[in-house]
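Asker: Quick one: structure below, then a few questions.
2 protein chains.
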Amino acid sequence: MKTTSRAAAPRRLPPEERERSILDGAVSLASESGLEALTVRAVAARVGVTPALVAHYRPVMESFVAEVFTTIVAAERDEVIASYDPTIDLRTNLLCLIETLLDDSRDDVAMVWVQSWALGARNEALGTRVRTEMDLWHSALEDLIARAIAEDPALRVDPDSSAWMLLAMVDGMSAHSLVHWAPRDRAALARRTLSAVLDVPVPDAPRRTAQSAQPTEPVQSAQPVQSAQPAQAAETLR
Amino acid sequence: MKTTSRAAAPRRLPPEERERSILDGAVSLASESGLEALTVRAVAARVGVTPALVAHYRPVMESFVAEVFTTIVAAERDEVIASYDPTIDLRTNLLCLIETLLDDSRDDVAMVWVQSWALGARNEALGTRVRTEMDLWHSALEDLIARAIAEDPALRVDPDSSAWMLLAMVDGMSAHSLVHWAPRDRAALARRTLSAVLDVPVPDAPRRTAQSAQPTEPVQSAQPVQSAQPAQAAETLR
DNA sequence: GTCGCTATTGAACACGCGATCAACGAGTGA
DNA sequence: TCACTCGTTGATCGCGTGTTCAATAGCGAC
Numbered sequence: 001m002k003t004t005s006r007a008a009a010p011r012r013l014p015p016e017e018r019e020r021s022i023l024d025g026a027v028s029l030a031s032e033s034g035l036e037a038l039t040v041r042a043v044a045a046r047v048g049v050t051p052a053l054v055a056h057y058r059p060v061m062e063s064f065v066a067e068v069f070t071t072i073v074a075a076e077r078d079e080v081i082a083s084y085d086p087t088i089d090l091r092t093n094l095l096c097l098i099e100t101l102l103d104d105s106r107d108d109v110a111m112v113w114v115q116s117w118a119l120g121a122r123n124e125a126l127g128t129r130v131r132t133e134m135d136l137w138h139s140a141l142e143d144l145i146a147r148a149i150a151e152d153p154a155l156r157v158d159p160d161s162s163a164w165m166l167l168a169m170v171d172g173m174s175a176h177s178l179v180h181w182a183p184r185d186r187a188a189l190a191r192r193t194l195s196a197v198l199d200v201p202v203p204d205a206p207r208r209t210a211q212s213a214q215p216t217e218p219v220q221s222a223q224p225v226q227s228a229q230p231a232q233a234a235e236t237l238r
Numbered sequence: 239m240k241t242t243s244r245a246a247a248p249r250r251l252p253p254e255e256r257e258r259s260i261l262d263g264a265v266s267l268a269s270e271s272g273l274e275a276l277t278v279r280a281v282a283a284r285v286g287v288t289p290a291l292v293a294h295y296r297p298v299m300e301s302f303v304a305e306v307f308t309t310i311v312a313a314e315r316d317e318v319i320a321s322y323d324p325t326i327d328l329r330t331n332l333l334c335l336i337e338t339l340l341d342d343s344r345d346d347v348a349m350v351w352v353q354s355w356a357l358g359a360r361n362e363a364l365g366t367r368v369r370t371e372m373d374l375w376h377s378a379l380e381d382l383i384a385r386a387i388a389e390d391p392a393l394r395v396d397p398d399s400s401a402w403m404l405l406a407m408v409d410g411m412s413a414h415s416l417v418h419w420a421p422r423d424r425a426a427l428a429r430r431t432l433s434a435v436l437d438v439p440v441p442d443a444p445r446r447t448a449q450s451a452q453p454t455e456p457v458q459s460a461q462p463v464q465s466a467q468p469a470q471a472a473e474t475l476r
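Residue numbers (the working numbering), protein chains in the order written: chain A, 1 to 238; chain W, 239 to 476.
Spelled out as structure tokens, the structure:
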């Protein structure tokens, strides 16, 4: 906890320092109460200055929100990614990562993310930042997986699509948890989710049968014939 | 398109009819512009009456939002679930369902969902409704899957956790699509996602073996042994 | 000690929000 | 034709929002 600037704001700081304290205040405010709480007056109160001063340093609130968003999620990503332990196997690492991200104590960041998707649809400055941050998440995960594969070629996982699925699952579950909707045993579901992502065949040679059916035997039915349908279905649906 | 009540509102409707027209207007407004657009004045303008009249029929906006949310998502769920075709196999049906839900044309409903998770965290009336609607989605999917299993016992899928994963994945991807963040080939990812959910072993007997590297070779591999592993990892981690 | 630069303030504007309430007037039964 | 009912209106309150700007006052330089 290096909580900066509760309210005490000695007058006349050097601009860069004031700017920093305002950003810090906005970040802590948004972390606690979400991006929607970022009003000129609320930030000013948090920092201990006049609304006019906040407006002076960040004349356009819309882009300030985008900036605060970036600061918050980038910090979280750095922290979470840094906790990856290369001496441990991929599965355990990812499980740990998922459980970290889904932990209730991170609902504040989850709220920021969910609001960013809603607000980002109409705030173009924010939308751009959101895509950037998600790209960074995706490539970070992709890197982690690719690196693990490099060390253990026995791993049959497609880094790209696995990263997509992991992000979708985690983000979906995070969003759900905001309204406290979660399975009885979330840890178990996390495990199962990871299994789903890691233990599924990688469609290595993109043959032009609309594949997705695996070889044969196990578990599911799905002959090529069948699995060809969905692709078609998709087109007819659109 | 059965768009009701653009603006023309003949004076003095019977209460039930007016109530209906206000709800309809609010639903269409929220569908177009999201739950955040549901203000007394905006709804009044849409329906073609005075703000005071809207406030008269729905004195508390907060719960009106919850009501509109329910109306919108329930209608969508009914529609999508009804499109399930029992004469086709489960995989194709689910793929079709996923692609329907992820279609760009449904971004409006996606926006309603995403906003509902954010707003529902602090609007308790809404939060309750959101959980209810998600429960209904979960059990609807669970039913679909269970029914498919009943007809084809060769299917090795756990309806409960599969439903959880499907919802998380679809909701996550829907949220992402609001800011136009999507893989190059979304249809392929949808197929892969479905594979992940359907083609993963159900962890029936959680035995307590230790190792963590997977067996090696085969792609979907996944013996029960494997699927038991993560369970332990989770415990050690926490 | 004084001056000047500028960080900071206070006040105001124009807008949108939910909510309230007395008053209007269309429809209806007498 | 009158009177009553009640759906509907217009006006208003109190509040919160982003944004603007002239005026103030702290701080470093001289």
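Beta carbons: idealized from backbone N, C-alpha and C, even for Gly. All values derive from a computational prediction rather than experimental measurement.
Taking only three categories from DSSP, how would you classify L155/A?
Answerer: The answer is coil: DSSP assigns L155/A none of H, G, I, E or B.
Asker: Cα-Cα, which of A428/W, A392/W, V281/W, P421/W is closest to A406/W?
Answerer: That would be A428/W, whose Cα lies nearest to the Cα of A406/W.
Asker: Looking at the C-beta of M169/A, does it have a partner C-beta in chain W at a distance below 7 Å?
Answerer: Yes, M169/A counts as interfacial toward chain W.
Asker: Just verifying my parser: in three-state terms, what is the DSSP assignment at E217/A?
Answerer: With a pLDDT of 39 at E217/A, under the threshold of 50, the predicted position of this residue should be treated as unreliable, and no value is reported.
Asker: Using a 10 Å radius around the Cβ and a threshold of 16 neighbouring Cβ atoms, would you call D135/A buried or exposed?
Answerer: With fewer than 16 Cβ atoms within 10 Å of its Cβ, D135/A is classed as exposed.
Asker: Should P391/W be flagged as near chain A, meaning a C-beta pair shorter than 7 Å?
Answerer: It does not: the Cβ of P391/W has no partner Cβ on chain A nearer than 7 Å.
Asker: Classify A150/A: buried if its beta carbon has 16 or more other beta carbons within 10 angstroms, exposed otherwise.
Answerer: By the 10 Å Cβ count, A150/A comes out exposed.
Asker: Quick check on P153/A: buried or exposed, where buried means 16 or more other Cβ atoms within 10 Å of its Cβ?
Answerer: So P153/A counts as exposed.
Asker: Does any C-beta atom of chain A lie closer than 7 Å to the C-beta of T447/W?
Answerer: Bear in mind that the predicted position of T447/W carries a pLDDT of just 43, short of 50, making it unreliable; the figure below should be weighed with that in mind. False, the Cβ-Cβ gap to chain A never drops below 7 Å.
Asker: Tell me whether Y295/W sits in a helix, a strand or coil according to DSSP, three-state version.
Answerer: If DSSP states are grouped into helix, strand and coil, Y295/W belongs with the helices.
Asker: I need the DSSP call for A182/A, collapsed to helix, strand or coil.
Answerer: It is coil, neither helix nor strand.
Asker: Which chain A residues are close to L427/W, counting only those with a beta carbon under 7 Å from its beta carbon?
Answerer: Here the neighbours are S161, W164.
Asker: Have a look at D521/W and L291/W and give me their C-alpha separation to the nearest angstrom.
Answerer: Not covered by the structure: residue 521/W. The range shown for chain W is 239 to 476.
Asker: Give a yes or no on whether 7 Å exceeds the smallest Cβ distance from V352/W to chain A.
Answerer: Closer than 7 Å: yes.
Asker: Between the segment 104-130 of chain A and chain W, which residues of the former have a C-beta closer than 7 Å to a C-beta of the latter?
Answerer: Per Cβ criterion, the list reads M111, V114, Q115, W117, A118, G120, A121, G127, V130.
Asker: Once you ignore the five residues that flank R344/W on each side, which residues in its own chain have a CB closer than 8 Å to its CB?
Answerer: Result list for R344/W: E314, T338, S412, in chain order.
Asker: Take R422/W as the anchor and find which of S177/A, R192/A, A45/A, W164/A has the nearest alpha-carbon.
Answerer: The shortest C-alpha separation from R422/W is found at W164/A.
Asker: Secondary structure at V200/A, three-state DSSP: helix, strand or coil?
Answerer: Here V200/A sits in coil by DSSP.
Asker: Going by Cα to Cα distance, which pick from G272/W, Y295/W, T366/W, N331/W is closest to H176/A?
Answerer: Nearest C-alpha to H176/A: T366/W.
Asker: Taking P253/W as part of the alpha helix (DSSP H), name the residues at either end of that continuous run.
Answerer: P253/W -> alpha helix (DSSP H) spans 253-271.
Asker: Here's the rule I'm using: 16 or more other beta-carbon atoms within 10 Å means buried, otherwise exposed. How should S162/A be labelled?
Answerer: Buried, by the Cβ-count rule.
Asker: Does any C-beta atom of chain A lie closer than 7 Å to the C-beta of Q470/W?
Answerer: The predicted position of Q470/W is uncertain, since its pLDDT is 36 and thus under 50; a value taken from the coordinates is nonetheless stated next. Cβ-Cβ to chain A under 7 Å: no for Q470/W.
Asker: For the alpha helix (DSSP H) that contains N361/W, what are its first and last residues?
Answerer: Careful: N361/W lies outside any alpha helix (DSSP H) and carries neither H nor E.
Asker: Could you check whether the Cβ of I260/W sits closer than 6 Å to any heavy atom belonging to the ligand FMN?
Answerer: Ligands displayed in this structure: none; no statement on the ligand FMN is therefore possible.
Asker: Note down, in chain order, every chain A residue with its Cβ under 9 Å from the Cβ of V303/W.
Answerer: Within 9 Å Cβ-Cβ: nothing; V303/W doesn't reach chain A, min ~14 Å.
Asker: When you compare the CB of P421/W with every CB in chain A, is at least one pair closer than 7 Å?
Answerer: Chain A, which has a Cβ nearer than 7 Å to the Cβ of P421/W, makes this yes.
Asker: Taking 7 Å as the limit between beta carbons, can you name the residues of its chain near I88/A, skipping five residues before and five after?
Answerer: Correct list: empty, nothing qualifies.
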